[in-house]
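**Q**
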Amino acid sequence: MATLLLDRITVALRSYELELSLEVGSTLALVGPSGAGKTTVLRAVAGLVRPRAGRIAVDDDVWFDGPRGVDVPAERRRIGLVFQEYALFPHMTVRQNIEYARKHGADDYLERFRIAHLERARPAQLSGGEKQRVALARALAREPQVLLLDEPLSALDAHTKTAVRAELHDLLSTLDIPVLLVTHDFEDAAALADTVGVIVDGKLRQTGTPSGLVAQPADSFVASFTGANLLHGDAEPGPESTRVRLDDGSVVATADPAHGRVVLAVYPWDVTVASEPPHDSALNVIHAPVRSIAELGNRVRIAIGPVTAEITAESLRRLALVAGRPAFATFKATGTRVVAEHEDR
């Protein structure tokens, strides 16, 4: 498989400068908040934005090299680009959209993406998932060296998203070209990509596997963005663990060594919820009113004091938890991670 290389790319944006180096061998997702520079990276690779400096290459094919004055026009870069809203031609049928990219061989892509029965339909007649399959078929019909996906799931409703995400994952796993996608949703990135890079203010905060980012987040922003609760407090080393007095006055323990001002990351799946006081003294206990309850299918997100937990719908019914009433949230010292405080620019 080829490798997409971005070497010290610099792009001047309105309020900051994007600077990053990136190597994409299989599927890599860039995640971050709006305005972080994610889409700018895609546009630079596609040749739609000219960097101030750096180098972009796919193996030996150099598309941009600042010092050497190389800047291959967008139309000469073998790129497959799927836009956030798909950008299908509304006046063309499904077949014609694919044939726009590749005059001969459209039948193969209609069959591969299971859209042959839609070949005469126009984009306005398609569902969100169908539009995505057509857009991907058109992008890959160009036989690109690199596939770029801009927020591939953001245009889908919640009902459709889960199924389409699984379908897209299966498709991406069959490709033998580098795939670079951008999204604001870590859950989507973790489901689709082998490697995830967290980008903030044009800088890469951390790159790694989805599970690696969760296990060892580089700072509080990465921890929060990957779904963690953040607890702020003051740490003092103890004989068996580190005691942290939180800002609300409660005391919890962490297995990580620390001293002074700290941020603890606790993921919702490491938090257990109870309606009665726990008997295990080894657990950290938060006793506070239930702030909110959000049911998401058979899973429930419940906020108790400063932490959010994830439980089953059955557990919610069994515990008879109600917003506003006190409940207990417990977690082990080994279920916490001391992370560095993220400093805003």
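As numbered in my numbering, residues 946 to 1290 make up the sequence shown, in order. Ideal Cβ positions, reconstructed from N, Cα and C, are used throughout, including at glycine.
#1: Tell me Lys-1148's beta-bridge partners as DSSP assigns them.
#2: Which of the three DSSP states is assigned to Lys-901 in this structure?
#3: Taking the Cβ atom as the reference point for each residue, do Ala-1160 and Asn-1229 lie within a distance shorter than 8 angstroms?
#4: What does DSSP give as the partner residues of Leu-1176 in its beta bridges?
#5: Taking the alpha carbon of Leu-1120 as the reference point, which residue from Val-1167, Val-1109, Arg-1057 and Asp-1095 has its own alpha carbon closest?
#6: By the three-class DSSP mapping on this structure, what secondary structure does Phe-1170 have?
#7: Excluding sequence positions up to five away, which residues of its chain have a Cβ less than 6 angstroms from the Cβ of Arg-1065?
#8: Kindly indicate the opening and closing residues of the beta strand (DSSP E) around Gly-999.
#9: What are the start and end residues of the alpha helix (DSSP H) that includes Gly-911?
#10: Under the three-state reduction of DSSP, which class applies to Thr-1199: helix, strand or coil?
#11: Taking Arg-1282 as the reference, give the member of Leu-1149, Glu-1181, Ser-1165 and Arg-1047 with the closest Cα.
#12: Could you have a look at Pro-1097 and say whether DSSP puts it in helix, strand or coil?
#13: Using the DSSP secondary-structure output, state which residues sit across from Leu-1092 in a beta bridge.
#14: Could you check what DSSP says for Glu-962 in three-state terms: helix, strand or coil?
#15: Report the residue from Arg-1013, Ser-979, Arg-953 and Arg-959 whose alpha carbon sits nearest the alpha carbon of Val-990.
#16: Taking the continuous alpha helix (DSSP H) assigned at Phe-1131, which residues delimit it?
#17: Out of Lys-1106, Glu-1044 and Arg-1087, point me to the one whose CA is closest to Gly-1074's CA.
#18: Mind checking whether Gly-1025 and Leu-1093 have CB atoms under 8 angstroms apart?
**A** Reading from the atomic positions:
#1: Val-1145
#2: As shown, the chain starts at 946 and ends at 1290. That puts residue 901 outside it, with no answer to give.
#3: no
#4: Leu-1209
#5: Arg-1057
#6: helix
#7: Thr-1038
#8: 998 to 1003
#9: With the chain represented from 946 up to 1290, any question about residue 911 goes unanswered, as that position is not in the structure.
#10: strand
#11: Ser-1165
#12: coil
#13: Gly-1025 and Val-1124
#14: strand
#15: Arg-953
#16: 1131 to 1137
#17: Lys-1106
#18: yes
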